[in-house]
Structure formats: C-alpha cells, structure tokens
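> Protein chains in written order, with the working numbering: chain A, 1 to 293; chain B, 1 to 311; chain C, 1 to 40. Even for Gly, the Cβ is constructed at its ideal location relative to N, Cα and C. None of the values given here were measured: they were computed from a predicted structure.
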Amino acid sequence: EEQVLVIREKLAELYESEEQWSKAAQMLSGIDLDSGIRMVDEKYRLTKCIQVARLYLEDDDAVNAEAFINKASFLVTNSSHEVLIWQYKVYYARILDLKRKFQEAALRYYEISQIEKRQIGDEEIDEAGLEQALTAAVTCTILAAAGPQRSRVLATLYKDERCSKLKIYPILQKVYLERILRKPEIDAFSEELKAHQKALLPDNFTVLDRAMIEHNLLSASKLYTNISFEELGALLGIDPQKAEKIAARMICEDRMMGSIDQVESIIHFEDDTEELQQWDQQIVGLCQALNDI
Amino acid sequence: TDAIYFYDEAGQAQVQQEKPWANDPHFFHKVRISALALLKMVAHARSGGTIEIMGVMQGKIDGDTFIVMDAYALPVEGTETRVNAQADAYEYMVDYSQTNKQTGRLENLVGWYHSHPGYGCWLSGIDVSTQMLNQQYQDPFFALVIDPTRTVSAGKVDIGAFRTYRQGYKPPDEPLSEYQTIPLNKIEDFGVHCKQYYSLDITYFKSSLDCHLLDLLWNKYWVNTLSSNPLLGSRDYVSGQISDLAEKLEQAENQMAHLRLGSFLMPSHRKKDEESQLTKITRDSSKIAVEQVHGLMSQVIKDSLFNSVCP
Amino acid sequence: SLLRQVSSLLRRLPVIDSEKFRDDFLMEFNDTLLITYLAM
Numbered sequence: 001e002e003q004v005l006v007i008r009e010k011l012a013e014l015y016e017s018e019e020q021w022s023k024a025a026q027m028l029s030g031i032d033l034d035s036g037i038r039m040v041d042e043k044y045r046l047t048k049c050i051q052v053a054r055l056y057l058e059d060d061d062a063v064n065a066e067a068f069i070n071k072a073s074f075l076v077t078n079s080s081h082e083v084l085i086w087q088y089k090v091y092y093a094r095i096l097d098l099k100r101k102f103q104e105a106a107l108r109y110y111e112i113s114q115i116e117k118r119q120i121g122d123e124e125i126d127e128a129g130l131e132q133a134l135t136a137a138v139t140c141t142i143l144a145a146a147g148p149q150r151s152r153v154l155a156t157l158y159k160d161e162r163c164s165k166l167k168i169y170p171i172l173q174k175v176y177l178e179r180i181l182r183k184p185e186i187d188a189f190s191e192e193l194k195a196h197q198k199a200l201l202p203d204n205f206t207v208l209d210r211a212m213i214e215h216n217l218l219s220a221s222k223l224y225t226n227i228s229f230e231e232l233g234a235l236l237g238i239d240p241q242k243a244e245k246i247a248a249r250m251i252c253e254d255r256m257m258g259s260i261d262q263v264e265s266i267i268h269f270e271d272d273t274e275e276l277q278q279w280d281q282q283i284v285g286l287c288q289a290l291n292d293i
Numbered sequence: 001t002d003a004i005y006f007y008d009e010a011g012q013a014q015v016q017q018e019k020p021w022a023n024d025p026h027f028f029h030k031v032r033i034s035a036l037a038l039l040k041m042v043a044h045a046r047s048g049g050t051i052e053i054m055g056v057m058q059g060k061i062d063g064d065t066f067i068v069m070d071a072y073a074l075p076v077e078g079t080e081t082r083v084n085a086q087a088d089a090y091e092y093m094v095d096y097s098q099t100n101k102q103t104g105r106l107e108n109l110v111g112w113y114h115s116h117p118g119y120g121c122w123l124s125g126i127d128v129s130t131q132m133l134n135q136q137y138q139d140p141f142f143a144l145v146i147d148p149t150r151t152v153s154a155g156k157v158d159i160g161a162f163r164t165y166r167q168g169y170k171p172p173d174e175p176l177s178e179y180q181t182i183p184l185n186k187i188e189d190f191g192v193h194c195k196q197y198y199s200l201d202i203t204y205f206k207s208s209l210d211c212h213l214l215d216l217l218w219n220k221y222w223v224n225t226l227s228s229n230p231l232l233g234s235r236d237y238v239s240g241q242i243s244d245l246a247e248k249l250e251q252a253e254n255q256m257a258h259l260r261l262g263s264f265l266m267p268s269h270r271k272k273d274e275e276s277q278l279t280k281i282t283r284d285s286s287k288i289a290v291e292q293v294h295g296l297m298s299q300v301i302k303d304s305l306f307n308s309v310c311p
Numbered sequence: 001s002l003l004r005q006v007s008s009l010l011r012r013l014p015v016i017d018s019e020k021f022r023d024d025f026l027m028e029f030n031d032t033l034l035i036t037y038l039a040m
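Here is the structure:
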C-alpha cells in the first residue's frame, strides 16, 4: 500500500501540474484512507479529503467534491489545524454555492468574510479575499429563495458597513428595502454571476430570473392594492400568464398575501398589517417627507 | 458637564477603604444614571418581552450617591423564578469586568438591574434575598428594577432603585412612595417584604456627545411621537390590568359581603382598612382610564391632523 | 423643486381614507370610551 500511495501522490502531482484536475483527484481518491493495514493519522486523512475536494472544485464538480468534503466534516471537528479548517470552510461554501444551496452558502461565505486573522499558516488572508467572500455572501443571499431566513441574512449584510463599499451594494440595498429592480440593474448584476448561477432551471428561467421576478412581485405587492396581470407582466418583464403562475405559487406557499380574480385577470394584494398600524406607518412617511422639505 | 465621566481611581479606592455605608443602613439616598446606561437597560428590558431579564451596572460612588456609567446584560433570564439567578452568570461577570479593565474602563460593578414586565418596580422576596447577599459581599451595591411594559404604556421609563436593610433592622416609618398598582398575584410577595428595603431617588445625566447625538435623533423623536399609538401597543397589558382589577373587586366584594353580617361588630380601623382597599381599586381603575383617555386623545389629534383634510 | 415636494406632500393628505380604517378607528374609539365608562 505504501508504494501505491507514493505512486498515486506522484501521479496526482503531475496531473495537477498539467491542470488535469479531475484526473489528479481520481488518482488521490484511490488512496485507501481507512485501510486497517497502515496507520493513517487524522491530519493526513483530513489533508487528503480537502485536497481531493479542491481538485474536483477546480473542475466545478460539486458532486464528487461534496463526497470528500462530507468525509472531511467528520474529521475537521477534532482538528486544530487552522489552515485545514480554513480551507474546509472555503471549499464547503463553494460546494454549497455550486449545488445552488444559496442560503447556506451565503451564511458560510459571510462567516469566512468575518475572520479576524490575516495570516493562517503560510496563507496570507488579504482584504481582497475577504471582500470577495462578502460579495459572494451577498450574491448567494440575493439568489436564495425569498423567506424569513433570507430576510434575516439580508438585514445582517445590509447593516454590515463593509458592504456599503462593495460594487454590489446598490442591488443589496434595493433588495433589502424591497424596492423594484429594473432590467438594466438586473443585467448588470447578472454580469457578475458565475456560470452555475446563470444555469437554466426546468421552467426555462435562470435562478437569477426566478429570484428577481419573485422579489419584484413582492415589492409590487407592497406598492399596489391591486393590479391587472397585463400591467404586472409589463412591470416584471414577463408575459401575463407567467406572472399569474408565479403569483399563484407564492400565494400558495404563503410568501405573499393576496387573491387572484381570474375572470377580471386582476390580483388583489393584501397586507396583514392592521389598518391602524398602516396609518401610523403612513404618518411616519409623511413626517419624514415634511422633515426633508 | 463631562467631568463626571472622569474616573478618580485613588478617590474610589479611599471610599472603598473607609466604607461609610457600613455603619448606616440608610447611608445611600440617590442614584445618578447616564443616558447610555438607561437606554441600554430599557432596550434590554424590552427585548425580554414578558420574560424577566437581568444585567449589571458599572460606575462609582460619590458621597451618598451611586453614579451609574454603563450597564450590560447577563446571559440570564426568568430572574423571578430562580433564587439568585446571578450565580449563573458569575463567570461571565468576572470575565467581562476583567476585559473591561484591560480596555481602560476602571469602573467597578455598583449594582444589578432586572425587569418586572407589567407588574411595577418593587423588590420581590427573591429580589430582597439576592440584594441582601449582594450588600453582604459586594457592597456598595444597589438593585434597580425596570418595568418595560408600563414604560411603553405610560410613555416614560418605569424604573425604581432600591437598597435593602440588614436582617432584623427595624426601619423608621417610610413616607409613602408614589402609588403603583400591584397585581393580585404579586400583592402577597410585595406586602411581606416592602419594609425590608427603601427607594433611592433617581436622576439622569448625559455627556456633551450624548446631547449632540440626541439632538440629531430629535427628528426621529417627534416623528415617533406623532406616529405612535399607545392604545395599540399596550392592549395585552391593559386587558391584564383590567382582569386583575376585576379579581380585586371580586375579592373586596366577598370580604364586604362576609363582613356585612358582623358589621356592627367590626372595629372602625377594619372599616377604614376595607375602604382603603376599595380606594386603591378605584385609584387603579381611574389610572387605567386616564391612560386610555390619553391614548384616545392622541388618536383623535392624529385623526384631525392627518385625515381631516378633504382632497 | 421645494414647491413640487410641498404639493406632493399635500396630495398625500388625508393619510389614509379606507372604509376599513374608519371601522377600526371607531372600534378602538368606542372600546376606549367603554373602558373609561366602566372605570367610572
């Protein structure tokens, strides 16, 4: 086994130098880390799992990478090696991102962006890297399905003053304040996305389209008392039938309050805030407008 | 105005040495609280909702006055249902105080605060025993109570500061402090212990920076005043108060009925006692009514101010 | 632009004018009067 291991590591090194990432990963994954014959210490096993996951990630192969990062999950809790723990966190966040588990990926990216140390092992943690992690956290949060958990993460990011310096901040602000996003803003945001974040879903929409349409629909429900699907489709940039389907799904999933009159083809938005509370909110808006004047 | 924020370490050490409070159970009379500490304690009390929260206060002594500079929350909840809840947080308190000193904050702990959501500011049996322990081992130390629910409904901070007497001490007759409604389910606890402690006068102070910041916040303040609705926010509390009042009426009525049989036998001071009970109930109900009318007045003013303009 | 802001502000009055608000407002009004009456 010892000789096989040495040959495998050597071959993997060569594949890696030729950037044949998956071949290198397959070579290393053939090493039997749980063999009873040889004593393999936990650190070596953790190092190999993380290395194989990294190589698969170079080829955006989240499925194989996840298998090895899950193995690493059992080992990392007992490890005290900062570099390995750091790498595990980074690769795990990327795998969640690749698998479109945007909500969890956002939380992990945000955790990475908050690290205080600037030196882990011989790895330099620079501000640009942290800013990149923060941007990734914002992107994943925006792409995540609307709901209370996403709103909480949005609020955390919006209140983190580092975000106000990011290029992505205008989008974050509009999403957090539930304002309607116009097509040019969405296209600009789309430029920044990675390939897997722009992949088409079964209903022929990208993840971004879905996230943006749902967001704009929720924003419209805050603005209008009711609206025809003709107008709503124009506002969302999609055809009226599609708008009706998405609105119906969100109402069924209790992510939006309202009712649909299919005869008149109108959606009536409801707001469970008590009238008296709405009254107070309107007064706040009026006083603030007066204050501005 | 900012001199109060300077900490005189030697002076404080000397006071700790002399311990003037050790021989006079009524030594302390006043408390001065910084705007920062007050805001943090009220925000913490409100965050607990109907669950009692607890925290400690840092500051110093100036003659017979406690000066509170800052306050921080302890990882403890439900203080009224456990004896000396503070014990759960000792480790936290020690760490926090030491870390604080490392950052140059030299103030010591001068007291603990906790909340009584909806039932007013006084010391319960558990509070009295906790405070007696504190005065035995951590003096100078005082107890502060905040009622976040009444703070919202009355529109001003419902707060009380107290010191306990040593065991067995017989205090001179206290001048009646401001009347407050004690719920029926707490009246026993209140009655038994209210002679074991006394209140301290509370005043507040703020730094020049606080003044500047609060002025900047002024715009938020007047908007909040015009757009707030005390009736909406305190519904649960008011219905709780009314049901408590009904129970007291029920109790008073039973006692009256019971006494009517032997009323000619009843000595005059008992009759006076019954009246004072009914007087209290009357006072409680008019207090509730007045607060409700205040809320209604603000609603009517808002209605005429913002809704009466015809387009 | 100030005048435009002022006119848009005035156009926001009355702040709320829905039937449901009237009902809620009067309901709250009567509830409070009832409490006051009971207290009396």
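#1: Taking the continuous alpha helix (DSSP H) assigned at L134 (chain A), which residues delimit it?
#2: Between the beta-carbon of Q196 (chain B) and the beta-carbon of T164 (chain B), is there less than 8 Å?
#3: In three-state terms, what does DSSP make of R22 (chain C)?
#4: Are the region 228 to 237 of chain B and the region 285 to 297 of chain B touching by the rule of at least three beta carbon pairs closer than 8 Å?
#5: Tell me the rounded alpha-carbon separation between D64 (chain B) and S153 (chain B).
#6: Kindly say whether D280 (chain A), judged by its beta-carbon, lies nearer than 8 Å to any beta-carbon of chain B.
#7: Name the chain A residues that come within less than 9 Å of D48 (chain C), Cβ to Cβ?
#8: Where DSSP assigns a beta bridge to K30 (chain B), which residues make up the other side?
#9: Please look up how many angstroms separate the CB atoms of F68 (chain A) and V52 (chain A), rounded, as I've assumed it's under 8 Å.
#10: So, is Q299 (chain B) buried or exposed, given that buried needs 16 or more other C-beta atoms within 10 angstroms?
#11: In chain B, which residues lie less than 8 Å from L299 (chain A) when you measure between Cβ atoms?
#12: Only counting the same chain, and skipping five residues up and downstream in sequence, which positions put a Cβ closer than 8 Å to that of Q103 (chain A)?
#13: According to DSSP, is N254 (chain B) helix, strand or coil?
#14: Of all the options B:H114, B:Y96, B:P20, B:Q16, which has the alpha carbon lying nearest to the alpha carbon of S47 (chain B)?
#15: Name the residue from B:I4, B:S243, B:R32, B:K302 whose alpha carbon lies nearest to the alpha carbon of I159 (chain B).
#16: Is the number of C-beta pairs between the region 16 to 25 of chain C and the region 284 to 293 of chain A that are closer than 8 Å three or more?
#17: With the cut-off set at 8 Å, would you say A161 (chain B) and F142 (chain B) are in Cβ contact?
#18: In or out: G55 (chain B) buried (at least 16 other Cβ within 10 Å) or exposed?
#19: Show which residues of chain C have a CB atom less than 7 Å away from the CB atom of L290 (chain A).
#20: Over what stretch of residues does the alpha helix (DSSP H) that includes V110 (chain B) continue unbroken?
#21: Are the region 109 to 117 of chain A and the region 127 to 141 of chain A touching by the rule of at least three beta carbon pairs closer than 8 Å?
#22: Quick one: residues in its chain with C-beta nearer than 8 Å to the C-beta of S35 (chain A), no 5 flanking neighbours on either side, listed in chain order?
#23: Let me see if you follow: with CB-CB separation under 8 Å, is E28 (chain C) close to chain B or not?
#24: Would you report the Cα separation of I61 (chain B) and Q135 (chain B), rounded to the nearest angstrom?
#25: Does DSSP put F306 (chain B) in a helix, in a strand, or in coil?
#26: At a cut of 8 Å, does the region 37 to 51 of chain B reach the region 84 to 96 of chain B through at least three beta carbon pairs?
#27: Do A45 (chain B) and A71 (chain B) have their CB atoms nearer than 8 Å?
#28: Would T151 (chain B) and G118 (chain B) be called neighbours here (beta carbons separated by less than 8 Å)?
#29: Starting from L34 (chain C), find everything on chain A with Cβ-Cβ shorter than 8 Å and list it in chain order.
#30: Among B:Y198, B:L133, B:N100, which residue has its Cα nearest to the Cα of P172 (chain B)?
#31: Mind pulling the chain A residues with CB within less than 9 Å of R12 (chain C)?
#32: Give me the Cα-Cα distance between R54 (chain A) and L96 (chain A), rounded to the nearest whole angstrom.
#33: Name the chain B residues that come within less than 8 Å of V15 (chain C), Cβ to Cβ?
#34: Below 8 Å on the Cβ atoms is my guess for V68 (chain B) versus S97 (chain B); work out the distance and round it to an integer in Å.
#35: How far does the beta strand (DSSP E) with F162 (chain B) in it extend, from its first residue to its last?
#36: Give me the chain C residues within the contact set of Q251 (chain B), using Cβ-Cβ distance strictly less than 9 Å, ordered along the chain.
Quick answer:
#1: For the purposes of this step, residue 134 (chain A) is taken as residue 134 along the first sequence, with counting starting at 1. Segment 127 to 143, the alpha helix (DSSP H) holding L134 (chain A).
#2: Residue 196 (chain B) sits at position 196 when you count from the first residue of the second sequence. Residue 164 (chain B) sits at position 164 when you count from the first residue of the second sequence. In contact: Q196 (chain B) and T164 (chain B) (Cβ atoms closer than 8 Å).
#3: Looking up residue 22 (chain C) in the third sequence gives position 22. In the structure shown, R22 (chain C) sits in a helix (DSSP, three-state: H, G or I).
#4: yes
#5: Sequence index remark: in the second sequence, residue 64 (chain B) carries index 64 (1-based). Sequence index remark: in the second sequence, residue 153 (chain B) carries index 153 (1-based). If you take the alpha carbons of D64 (chain B) and S153 (chain B), they lie about 32 Å apart.
#6: Counting from one through the first sequence, the residue named residue 280 (chain A) turns up at place 280. At least one chain B Cβ lies under 8 Å of D280 (chain A).
#7: Residue coverage of chain C in this structure runs from 1 to 40, which leaves residue 48 (chain C) outside it and unanswerable.
#8: For the purposes of this step, residue 30 (chain B) is taken as the residue at position 30 of the second sequence. DSSP, once it has assigned bridges, lists B:T65, B:D201 as partnering K30 (chain B).
#9: One-based indexing of the first sequence puts residue 68 (chain A) at position 68. One-based indexing of the first sequence puts residue 52 (chain A) at position 52. Contact flag correct, Cβ pair sits at about 5 Å.
#10: Taking the first residue of the second sequence as position 1, residue 299 (chain B) is located at position 299. Label assigned to Q299 (chain B): buried.
#11: This structure cannot settle anything about residue 299 (chain A), because the visible part of chain A is limited to 1 through 293.
#12: For this step, residue 103 (chain A) is matched to residue 103 along the first sequence. Closer than 8 Å at Cβ, skipping near neighbours: C140, T141, A144, A145, Q149, R150, V153.
#13: Counting from 1 along the second sequence, the entry for residue 254 (chain B) is found at position 254. N254 (chain B) falls in the helix class under three-state DSSP.
#14: Along the second sequence, one-based indexing puts residue 47 (chain B) at 47. Nearest of B:H114, B:Y96, B:P20, B:Q16 to S47 (chain B), Cα basis: B:H114.
#15: Walking along the second sequence from the start, residue 159 (chain B) turns up at place 159. Of the listed residues, the one whose Cα sits closest to I159 (chain B) is B:R32.
#16: no
#17: What you label residue 161 (chain B) is simply residue 161 of the second sequence in a count that begins at 1. What you label residue 142 (chain B) is simply residue 142 of the second sequence in a count that begins at 1. Yes, Cβ-Cβ distance for A161 (chain B) and F142 (chain B) is below 8 Å.
#18: The count along the second sequence starts at 1 and reaches residue 55 (chain B) at position 55. Buried, by the Cβ-count rule.
#19: Here the question's residue 290 (chain A) lines up with position 290 in the first sequence. Per Cβ cutoff of 7 Å: L9.
#20: Sequence index remark: in the second sequence, residue 110 (chain B) carries index 110 (1-based). V110 (chain B) -> not in any alpha helix (DSSP H); beta strand (DSSP E) instead, spanning 108 to 115.
#21: yes
#22: Taking the first residue of the first sequence as 1, we reach residue 35 (chain A) at position 35. Excluding sequence neighbours, S35 (chain A) sits near E1.
#23: Counting from one through the third sequence, the residue named residue 28 (chain C) turns up at place 28. Closer than 8 Å: yes.
#24: Position 61 of the second sequence, counting from 1, holds the residue named residue 61 (chain B). Position 135 of the second sequence, counting from 1, holds the residue named residue 135 (chain B). C-alpha separation (whole angstroms): 14 Å.
#25: Within the second sequence, residue 306 (chain B) is the residue found at index 306, counting from 1. F306 (chain B): helix per DSSP, three-state reduction.
#26: no
#27: Here residue 45 (chain B) refers to the residue found at position 45 of the second sequence. Here residue 71 (chain B) refers to the residue found at position 71 of the second sequence. For A45 (chain B) and A71 (chain B), no; Cβs fall outside 8 Å.
#28: Sequence index remark: in the second sequence, residue 151 (chain B) carries index 151 (1-based). Sequence index remark: in the second sequence, residue 118 (chain B) carries index 118 (1-based). In this structure, G118 (chain B) does not lie closer than 8 Å to T151 (chain B) by Cβ.
#29: Numbered from its first residue, the third sequence carries residue 34 (chain C) at position 34. Going along chain A, no residue has its Cβ under 8 Å from L34 (chain C), so there is no contact; the nearest lies around 17 Å.
#30: Within the second sequence, the letter at position 172 stands for residue 172 (chain B). When only C-alpha atoms are compared, the closest one is B:Y198.
#31: As a working note, residue 12 (chain C) is residue 12 in the third sequence. Ordered by position in chain A, the residues that pass the 9 Å Cβ test against R12 (chain C) are Q282, G285, L286, A289.
#32: Taking the first sequence and counting its residues from 1, one reaches residue 54 (chain A) at position 54. Taking the first sequence and counting its residues from 1, one reaches residue 96 (chain A) at position 96. Each residue's Cα considered, the two are about 13 Å apart.
#33: Sequence index remark: in the third sequence, residue 15 (chain C) carries index 15 (1-based). What V15 (chain C) touches in chain B: F306, N307.
#34: By one-based count along the second sequence, residue 68 (chain B) stands at place 68. By one-based count along the second sequence, residue 97 (chain B) stands at place 97. Not confirmed; about 15 Å, so no contact.
#35: Counting from 1 along the second sequence, the entry for residue 162 (chain B) is found at position 162. Per DSSP, F162 (chain B) belongs to the beta strand (DSSP E) from 158 to 164.
#36: Along the second sequence, read from residue 1 onward, the residue named residue 251 (chain B) stands at position 251. Those within 9 Å of Q251 (chain B) in chain C number zero; the least Cβ separation is about 18 Å.
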